[in-house]
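All residue numbers for the sequence shown refer to the working numbering, where the first residue is 51 and numbers rise by one.
Step one of this worksheet: look at the structure below.
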Amino acid sequence: MPLYRDEAIVLRTHKLGEADRIITMLTRTRGRVRAVAKGVRRTKSRFGSRLEPGMIIDVQCYEGRNLDTVTQVETLAPYGDAIARDYTAYTCATSMLETALQLTEEHEPQTQQYLLLGGALRSLAEHAHDPGLVLDAYLLRSLAIAGWAPSFVDCARCGAPGPHRAFNVQAGGAVCSGCRPPGSSAPAPETFELLASLLTGDWDVADASDVRHRRQGNGLVSAFLQWHIERGLRSLRLVDRA
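What follows is the structure, given as structure tokens:
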């Protein structure tokens, strides 16, 4: 059986039998991979703690017909422990991992998604910015990589130069008065500015934003995400936005 080695972020785990687990990972070069980690639920397991969600690892596997098999694991970045100590950061990280699971395909290389997720987890672990802002920035950028970049300045339908006052999820973001569909929302100009800064990585603007604009912005981001992935994100409901 072919043997391969790659960097990976653990997205999810499932119990298998009495002592094994199925590990779902987003790898740097091979896309999303599912592999069996044998014996990791035993107390004497050599690498059980390294295969927890949020861990960034160097993993070696044998290719299998349906599931690969983990043979060796080395920790590259133990962000899981630091994130788990903060409830808000933990729930934000869980939402990121679930989003990555929805936006990637098995065995389809997604290097940009891998690098984006790794950077977002590092920001949460190092408390570089407010966890809610890190989450919204990750969601917007991951959607952009997937081909669903929202517009927060020019009209998403006709391209008319902005800024505009209306936002419509189905239309793709900001819309002008001529393209505005019924039911569009009218966020504050500061909310548009905040969301644009999160998408482009302008953290000076994002960090200086007001709480009420952050709350309005995360509602729009959540709606935009769930519209495009065509399902609700279970972990998003648990995020503490206080």
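Ideal Cβ positions, reconstructed from N, Cα and C, are used throughout, including at glycine.
Annotation for Cys205: no alpha helix (DSSP H) segment contains it, and DSSP assigns it neither H nor E.
As DSSP reads the structure, Gly104 sits in no beta bridge. The beta carbon of Val219 sits closer than 6 angstroms to the beta carbons of Ala273, Phe274 and Trp277 from its chain, once the five residues preceding and following it are set aside; these are given in chain order.
Two segments are said to touch when three or more pairs of C-beta atoms, one from each, lie closer than 8 angstroms; by this definition the stretch 95–111 touches the stretch 143–160. Counting C-beta pairs closer than 8 angstroms gives fewer than three between the stretch 178–191 and the stretch 205–225, which falls short of the contact rule.
Rounded to whole angstroms, the separation of the alpha carbons of Glu280 and Thr119 is 32 angstroms. Excluding residues up to 5 positions away in sequence, Gln110 lie with their Cβ nearer than 6 angstroms to the Cβ of Arg55 in the same chain. A straight line joining the alpha-carbon of Arg284 with that of Cys226 spans about 33 angstroms. When rounded, the separation of the alpha-carbon atoms in Ala199 and Pro231 is 19 angstroms. The Cβ atoms of Arg100 and Ala69 lie no closer than 7 angstroms to each other.
The stretch 80–92 makes contact with the stretch 156–163, as at least three CB pairs between them are under 8 angstroms. A straight-line Cα-Cα distance of about 5 angstroms links Leu76 and Ile59.
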